[in-house]
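There are 6 protein chains.
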Amino acid sequence: YQLFSKEGEQVGRVNGLAVMGGDSGVVLPIIAEVTPSLSNSEGSVIATGMLKDIAKEAVQNVSAVIKNITGKDIANRDIHIQFVGTYEGVEGDSASISVATAVISAIEQVPVNQTVAMTGSLSVRGDVLPVGGVTYKIEAAAQAGIQKIIIPKANEADVLIEDQYKDQVEIIPVSTITEVIEHSLVGNEKKNIVDKLKKVSNVKWNFDMPEVVPASIENMKKSGTGSKNA
Amino acid sequence: YQLFSKEGEQVGRVNGLAVMGGDSGVVLPIIAEVTPSLSNSEGSVIATGMLKDIAKEAVQNVSAVIKNITGKDIANRDIHIQFVGTYEGVEGDSASISVATAVISAIEQVPVNQTVAMTGSLSVRGDVLPVGGVTYKIEAAAQAGIQKIIIPKANEADVLIEDQYKDQVEIIPVSTITEVIEHSLVGNEKKNIVDKLKKVSNVKWNFDMPEVVPASIENMKKSGTGSKNA
Amino acid sequence: YQLFSKEGEQVGRVNGLAVMGGDSGVVLPIIAEVTPSLSNSEGSVIATGMLKDIAKEAVQNVSAVIKNITGKDIANRDIHIQFVGTYEGVEGDSASISVATAVISAIEQVPVNQTVAMTGSLSVRGDVLPVGGVTYKIEAAAQAGIQKIIIPKANEADVLIEDQYKDQVEIIPVSTITEVIEHSLVGNEKKNIVDKLKKVSNVKWNFDMPEVVPASIENMKKSGTGSKNA
Amino acid sequence: YQLFSKEGEQVGRVNGLAVMGGDSGVVLPIIAEVTPSLSNSEGSVIATGMLKDIAKEAVQNVSAVIKNITGKDIANRDIHIQFVGTYEGVEGDSASISVATAVISAIEQVPVNQTVAMTGSLSVRGDVLPVGGVTYKIEAAAQAGIQKIIIPKANEADVLIEDQYKDQVEIIPVSTITEVIEHSLVGNEKKNIVDKLKKVSNVKWNFDMPEVVPASIENMKKSGTGSKNA
Amino acid sequence: YQLFSKEGEQVGRVNGLAVMGGDSGVVLPIIAEVTPSLSNSEGSVIATGMLKDIAKEAVQNVSAVIKNITGKDIANRDIHIQFVGTYEGVEGDSASISVATAVISAIEQVPVNQTVAMTGSLSVRGDVLPVGGVTYKIEAAAQAGIQKIIIPKANEADVLIEDQYKDQVEIIPVSTITEVIEHSLVGNEKKNIVDKLKKVSNVKWNFDMPEVVPASIENMKKSGTGSKNA
Amino acid sequence: YQLFSKEGEQVGRVNGLAVMGGDSGVVLPIIAEVTPSLSNSEGSVIATGMLKDIAKEAVQNVSAVIKNITGKDIANRDIHIQFVGTYEGVEGDSASISVATAVISAIEQVPVNQTVAMTGSLSVRGDVLPVGGVTYKIEAAAQAGIQKIIIPKANEADVLIEDQYKDQVEIIPVSTITEVIEHSLVGNEKKNIVDKLKKVSNVKWNFDMPEVVPASIENMKKSGTGSKNA
Ligand SMILES: [Ca+2]
Ligand SMILES: [Ca+2]
Ligand SMILES: [Ca+2]
Ligand SMILES: [Ca+2]
Ligand SMILES: [Ca+2]
Ligand SMILES: [Ca+2]
Ligand SMILES: [Ca+2]
Ligand SMILES: [Ca+2]
Ligand SMILES: [Ca+2]
Ligand SMILES: [Ca+2]
Ligand SMILES: [Ca+2]
Ligand SMILES: [Ca+2]
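Protein chains in written order, with this note's numbering: chain A, 1 to 230; chain B, 1001 to 1230; chain C, 2001 to 2230; chain D, 3001 to 3230; chain E, 4001 to 4230; chain F, 5001 to 5230.
See below:
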């Protein structure tokens, strides 16, 4: 069964790319949804698809970017992320930008262009980081009829695809999640999301100094640790 | 003992279908109930029947659909899902639509038609996804006296049942949980549930922009990450 | 030491029945108590007696029935369930109706008839489900001096006890937890509990539709998932 | 080092009895303390001394009795239970009445008579249940200079101690935790605790019926589960 | 690198003593700090240094003493305890009084005398309990230039150090954490801490009787458990 | 791919140093971000990069320093720490000062000088503790084009680098996290952070005496534990 779609647009659904058996690419659909949270006091980020350790940590890194977009309302929402058809397990962090895009689309209710596929790791600050197997992934996406492929800028030199695919697919190297969103979401509201992502990355969160009772001058002099740090 | 019923209607009870030993189908009853939650601050989704990993994740995916129907009241309720008689364990995600239907029936107190059996995986957004063993399952349901069998539309081409069953059972291919509900619940309130499911899939949840103190222009210029993302 | 009593009545104590070594029955006392909860925000259901996996899940199924009787006050109470003397472990779900009866007795402070023993599995909706080893259990109870034995109606055909026991014990087949309560509790308040159980099984819990901002018509048309589910 | 004291009185400290190597008794001191809880919303019961599974469950059973004495204030307190010197681990439930007595002494700030030692299991409702190795334990306590030994009434027939100990120690068989307290605590306040224990075992906790919207008569008739339970 | 200091005074830092390889002592520095808690509703006690099971339980026992000093404010603080340089793991409970002293120093911001080293287990009620390897530890401390060594009074008879160390170090046997504090902290505020420790060990925490509805006389007579306990 | 940058400045990003294969250094970038917390009631510190046990404990030690800077607002924030590219796992505590610096930079939105690399363990009170492999790390940093390298003062004597590197890199030995911040952050706000760190290390947190009911004089005399501690 072809679990992905290569045309039209859908909310909360992204064509990711994976490597199978070391030397073969595959289109890996990722579906996200936002729901009221099971708890009155905290949100959850729930990823299914038999994720292994590195993949689970990649979802945690993506959640940092998501929480910066949603603000404190995240505590009232559960984020569901579903890797479709991966009964044998998912490893690695190269689906990170796909996960982030699916979740942002679901949050903002803005559709994702299904003619696009993507691969890339993500830092907790929104930087797109390099991944492995880029050439295998591009060829698999091209064979599947995908038209545009987003890859990390740091992987640009790794692209060694056969001539037959060069006219077929457009390769889009990116450095930040903001660029991923620009090339994958559709519709007028996309600009608002891009603006929000830019603003968030330069904010300073509020932290008050702790409410403290200053120790006496005498104690400060006596305390070895105190004078060392001071 | 025949643990399922093939006639009449019951609240919170669905005839699921499973494959045993690789090439033999079986009717697998699933019972759901909604209760006050043990906690004042969070609901729980509790599934019993010795579920293995993929089956547990399938229940998590179903819970996304459920939470979108119930809204924030879910935090005050525990959802119990019981796979009956599966002492040897349950694996796979093909009971997903059965679980969702049993829970929706229990929530809405609208009965399920017991002449129906069903098999199908479910996305967190309510799409019915394909499963394995459809032919075995249909034959087992037909032999057990079931009259209608709901299957994923993506599995329609897989149905290769023997002639003897063709007049006996009606096969209903579906693409969304909304269609599952239309074909399995009974009574006047069914229409309200279908309407609710349609409405929920197009809502946009509220997320305020984070309460932030903008960093100074000077800092924005200096910060490498800032300018990269911007 | 004989850990069970076969006469009189006691609050929170039930004579369960178990199979030992595959072909030998034994009377297994189960004691329950209700206490203030350790937590200000959630109740706990705590079962001791070295329960194995299926037995632990059976307690979870029983808790669904309990929570429907207690309502939201359950969040302020801890429910303790003690299998007495089972240092080698307890497996299976056939003690479910015994556990439910002991807890209901403790909650309502209404005594259990100690001349009764019982075996039966329980659905989350209060249906009594069949169990194994019914004949061995009945013979053990009869030998121990028990006068009435409650069994699942679905197990009625399995009862193949020797003649000597036929006059000694009364076999009571039941289909619901309500019937179990009718045959095992004593005193005037029993009727109130039975009424409560009947009422609870037909209530519809309140779930408000989620507080949502409808997406624009334009977005609804564009979104593939939206139109699929609609 | 002799870790226990055999004279005087102490708050929160009880001389328990254990079996070592199968055929040798030993005095096992148990110390309890009550503190403010680490959490604003829940208390904890923390037992140290390398307890194994049955011993951990015994502590849970004891906690049922404790919570019934303390009421809901337990959520603001942590209960610490320390088995002294058991670096090789503790198994079994025969220290249950010692644990309960040490905790009650710590809660009420009423001292325990250190000339007493004790052994006995405990039900969640306060019944003293039989244990193994009673003779070995009594002989060890006598040799250590203990004057009174509390044992379960159900173990009375097991006491086969040598003549030399018969004049040395007094054996006190008990059936309930109330009797244990009567024979082990000292001072005027002991009577208040005994009264409290008697009152608690006959109270009925408040549970409101769930806040429910009755389903329509029509639904009640249609629903199979409804009519089965009714 | 010499990780400990043997002169001056420091807040939150204590020279503990450990045995390495069975017959060799070593000075083991322990550092504590008090911080705002990560949670709005509960404090945490966090110990690092690859602690094994008995060592982890020793930290739990120490926390009982700490909570009695801090009162309910503990729920707003996290207590950090760091065993320095123990990459191979720490076992045993002989660092308990060092941990308690470091934490009390950090809480009260009163410095610890660095010319002192100490070893001793601790009960949840503040009693100092005996430990092993006292002679090895004293010799190691003396060789390292430590001037005073606090040991459990119960270990006094175990001290068999060589003559060369007898003039070099002062041995201080203690029975309670109060005495440990008296001999290890410096400055005027020490007296306040000692007074607080004395007061705390004799307080009685508030526990209200549970809010209960007395069962009727009739039920009390009928209920077997009730009459047994009464 | 070169995952680190050796010039300019970035918020929340630090060039750490690690040892690979026992005798080879490597620049290990660490990225931090601060976000709203998933929970309404507690913050989390989340570290990714396949950290092993000692590395996880090092992050806990660093969190003590962080919480002292942020005060109670930490309960509203999640701290994300990402070790980049460490798919094979990270062990040891020598990245502690890098982690602390990245998090402080992210919290204060003050950039880190990317021409600096650093290695050092950290105490919960902010002391920089010695690490292994300092020479290998310095050589690797120099070869990578790094200009300044921060090391623990306790490791100063271990630096045995080849002549070729001596003019190339500046070695900066430090004793406290305050000094690390002074040598690694850039811009005018750095001074405020240094001041805050100095002030925090000498504060005394508020702890009220527990709200207690003094036991009667009579009880105090009777209680053995009481009189021992008093
Ligand atoms: Ca939670
Ligand atoms: Ca930021
Ligand atoms: Ca919970
Ligand atoms: Ca949605
Ligand atoms: Ca409550
Ligand atoms: Ca119901
Ligand atoms: Ca907790
Ligand atoms: Ca009771
Ligand atoms: Ca927590
Ligand atoms: Ca006390
Ligand atoms: Ca908060
Ligand atoms: Ca401090």
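From the three backbone atoms N, C-alpha and C, an ideal C-beta is built for every residue, glycine too. Small disclaimer: the values here were computed from a predicted structure and weren't measured.
ask   = At what residues does the alpha helix (DSSP H) containing THR119 (chain A) begin and finish?
value = Taking the first sequence and counting its residues from 1, one reaches residue 119 (chain A) at position 119. Counting along the chain, THR119 (chain A) falls outside any alpha helix (DSSP H), and DSSP gives it neither H nor E.
query = DSSP state of LYS2006 (chain C), grouped into three classes?
reply = As a first step, residue 2006 (chain C) is located in the third sequence; it is residue number 6 there, counting from the start. LYS2006 (chain C): coil per DSSP, three-state reduction.
ask   = Taking just the CA atoms, how far does MET4050 (chain E) sit from LYS3241 (chain D)?
value = What the structure shows of chain D is the stretch from 3001 to 3230, and residue 3241 (chain D) is not part of that stretch, so it cannot be assessed.
request  = Measuring only between beta-carbons, confirm whether MET3050 (chain D) sits less than 8 angstroms from chain E.
outcome  = To locate residue 3050 (chain D), count along the fourth sequence from 1; it is residue 50. It does; some Cβ of chain E falls within 8 angstroms.
request  = Tell whether a beta-carbon distance below 8 angstroms holds between ILE5193 (chain F) and ILE5172 (chain F).
outcome  = Looking up residue 5193 (chain F) in the sixth sequence gives position 193. Looking up residue 5172 (chain F) in the sixth sequence gives position 172. Cβ atoms of ILE5193 (chain F) and ILE5172 (chain F): not closer than 8 angstroms.
message = Using C-beta distances below 6 angstroms, list every residue in its chain close to GLY5008 (chain F), excluding the 5 sequence neighbours before and after it, in chain order.
response = As a first step, residue 5008 (chain F) is located in the sixth sequence; it is residue number 8 there, counting from the start. Closer than 6 angstroms at the Cβ level, and outside the excluded window around GLY5008 (chain F), lie GLN5114.
request  = Using the DSSP secondary-structure output, state which residues sit across from SER39 (chain A) in a beta bridge.
outcome  = On the first sequence, residue 39 (chain A) is found 39 positions in, with the first residue counted as 1. Note: SER39 (chain A) sits in a beta bridge opposite B:GLU1042.
ask   = Just by C-beta distance, which residues in the stretch 5004-5015 of chain F are closer than 8 angstroms to chain E?
value = none
inquiry  = Please report whether the beta-carbon of VAL3019 (chain D) lies at a distance below 8 angstroms from any beta-carbon of chain E.
reply    = The residue labelled residue 3019 (chain D) in the question sits at position 19 within the fourth sequence. No - not a single Cβ of chain E is within 8 angstroms of the one on VAL3019 (chain D).
task = Could you tell me whether the Cβ atoms of MET3118 (chain D) and SER3063 (chain D) are closer together than 8 angstroms?
result = As a working mapping, residue 3118 (chain D) is identified with position 118 in the fourth sequence. As a working mapping, residue 3063 (chain D) is identified with position 63 in the fourth sequence. No, these two residues do not count as a Cβ contact at 8 angstroms.
Euclidean distance between Cα positions of ASP4167 (chain E) and GLU4033 (chain E) = Walking along the fifth sequence from the start, residue 4167 (chain E) turns up at place 167. Walking along the fifth sequence from the start, residue 4033 (chain E) turns up at place 33. Taking the straight line from one Cα to the other gives about 35 angstroms.
ask   = So what does DSSP say about ILE4146 (chain E), is it helix, strand or coil?
value = Reading the fifth sequence from its first residue, position 146 is the one you call residue 4146 (chain E). Coil.
ask   = Would LYS5204 (chain F) count as contacting chain E if we go by Cβ distances under 8 angstroms?
value = On the sixth sequence, residue 5204 (chain F) is found 204 positions in, with the first residue counted as 1. Interface residue, yes.
First and last residue of the uninterrupted beta strand (DSSP E) at ILE5172 (chain F) = The sequence position of residue 5172 (chain F) within the sixth sequence is 172, counting from 1. That run of the beta strand (DSSP E) goes 5170-5174.
ask   = Mind pulling the chain F residues with CB within less than 9 angstroms of TYR4237 (chain E)?
value = Lying before the first or after the last residue shown, residue 4237 (chain E) is absent from chain E, which here runs from 4001 to 4230.
request  = Would you kindly work out how many angstroms separate the C-alpha atoms of VAL14 (chain A) and PRO5029 (chain F), rounded to a whole number?
outcome  = In the first sequence, counting from the first residue as 1, residue 14 (chain A) sits at position 14. In the sixth sequence, counting from the first residue as 1, residue 5029 (chain F) sits at position 29. Each residue's alpha carbon lies about 29 angstroms from the other.
ask   = Roughly how many whole angstroms lie between the Cα atoms of GLY226 (chain A) and LYS5198 (chain F)?
value = For the purposes of this step, residue 226 (chain A) is identified with residue 226 of the first sequence, where counting begins at 1. For the purposes of this step, residue 5198 (chain F) is identified with residue 198 of the sixth sequence, where counting begins at 1. The pLDDT assigned to GLY226 (chain A) is 33, lower than 50, so where the model puts this residue is not dependable, and the model offers no usable value.
request  = In the DSSP assignment, find the alpha helix (DSSP H) that holds LEU1185 (chain B) and state where it starts and stops.
outcome  = Residue 1185 (chain B) sits at position 185 when you count from the first residue of the second sequence. No alpha helix (DSSP H) holds LEU1185 (chain B); DSSP gives it neither H nor E.
Environment of GLY4133 (chain E) [buried if 16+ CB atoms lie within 10 Å] = Taking the first residue of the fifth sequence as position 1, residue 4133 (chain E) is located at position 133. Buried, since its Cβ has 16 or more Cβ neighbours within 10 Å.
message = Does chain C have any CB closer than 8 angstroms to the CB of GLU3156 (chain D)?
response = Counting from one through the fourth sequence, the residue named residue 3156 (chain D) turns up at place 156. Judged by the 8 angstroms Cβ criterion, GLU3156 (chain D) is not in contact with chain C.
ask   = Is the CB of TYR1 (chain A) under 8 angstroms away from at least one CB in chain F?
value = Numbered from 1 along the first sequence, position 1 holds the residue referred to as residue 1 (chain A). For TYR1 (chain A), the answer is no, since every Cβ of chain F falls outside 8 angstroms of its Cβ.
Under 9 angstroms by beta carbon: chain A residues contacting ASN1068 (chain B) = Position 68 of the second sequence, counted from the first residue, corresponds to residue 1068 (chain B). Within 9 angstroms Cβ-Cβ: GLU33, VAL34, THR35 and PRO36.
message = Is the beta carbon of SER1123 (chain B) closer than 8 angstroms to that of ASN1068 (chain B)?
response = Your numbering for residue 1068 (chain B) matches position 68 in the second sequence. Your numbering for residue 1123 (chain B) matches position 123 in the second sequence. No. Outside cutoff.
ask   = Got a sec? Which residues, its chain only, sit under 7 angstroms from ALA106 (chain A) by beta carbon, not counting five neighbours each side?
value = Along the first sequence, read from residue 1 onward, the residue named residue 106 (chain A) stands at position 106. For ALA106 (chain A), where only same-chain residues beyond five positions count, the Cβ hits under 7 angstroms are VAL11, GLY12, ALA32, GLU33 and VAL34.
inquiry  = Taking 8 angstroms as the limit between beta carbons, can you name the residues of its chain near ALA3075 (chain D), skipping five residues before and five after?
reply    = Taking the first residue of the fourth sequence as position 1, residue 3075 (chain D) is located at position 75. The answer, listed in chain order, is SER3037, SER3041, GLU3042 and GLY3043.
message = Please state the DSSP three-state secondary structure of SER63 (chain A).
response = Working through the first sequence from its first residue, we reach residue 63 (chain A) at position 63. Of the three classes helix, strand and coil, the one that applies to SER63 (chain A) here is helix, per DSSP.
inquiry  = Per DSSP, what are the beta-bridge partners of GLU3033 (chain D) in this structure?
reply    = The count along the fourth sequence starts at 1 and reaches residue 3033 (chain D) at position 33. GLU3033 (chain D) pairs with D:HIS3080.
Under 7 angstroms (Cβ pairs) to chain D, residues found in the stretch 4068-4083 of chain E = ASN4068, GLY4071, LYS4072, ILE4074 and ALA4075
Residue closest to SER201 (chain A), alpha-carbon to alpha-carbon, out of A:THR178, A:ASP158 and A:ALA47 = Reading the first sequence from its first residue, position 201 is the one you call residue 201 (chain A). Comparing Cα positions, the closest option is A:THR178.
query = What do you get for ASN1155 (chain B), buried or exposed, if any count of 16 or more other CB atoms within 10 angstroms of its CB means buried?
reply = Locating residue 1155 (chain B) in the second sequence gives position 155, where the first residue counts as 1. Per the 10 Å Cβ criterion, buried.
key: 8 angstroms Cβ cutoff, GLN60 (chain A) in contact with chain H   = In the structure shown, chain H cannot be found, because the protein chains are A, B, C, D, E and F.
task = Would you give the residue range spanned by the beta strand (DSSP E) that ALA1018 (chain B) belongs to?
result = Reading the second sequence from its first residue, position 18 is the one you call residue 1018 (chain B). Segment 1013-1020, the beta strand (DSSP E) holding ALA1018 (chain B).
ask   = According to a CB-to-CB cut-off of less than 7 angstroms, which residues of the stretch 3099-3119 of chain D neighbour chain E?
value = ILE3107 and GLN3109
task = Identify, in the order they occur along the chain, each residue of the same chain with its Cβ nearer than 7 angstroms to the Cβ of GLY4085 (chain E), setting aside the five sequence neighbours on each side.
result = The count along the fifth sequence starts at 1 and reaches residue 4085 (chain E) at position 85. Excluding sequence neighbours, GLY4085 (chain E) sits near LEU4003.
key: Sequence-distant residues of its chain with Cβ nearer than 8 angstroms to VAL5159 (chain F) (five each side left out)   = Counting from 1 along the sixth sequence, the entry for residue 5159 (chain F) is found at position 159. Once the five neighbours on either side are set aside, the close Cβ partners of VAL5159 (chain F) are VAL5134, THR5135, ILE5138, ILE5151 and ILE5171.
message = In the DSSP assignment, the alpha helix (DSSP H) including ASP2163 (chain C) goes from what residue to what residue?
response = Numbered from its first residue, the third sequence carries residue 2163 (chain C) at position 163. Looking at the DSSP string, the run of the alpha helix (DSSP H) that includes ASP2163 (chain C) is 2163-2166.
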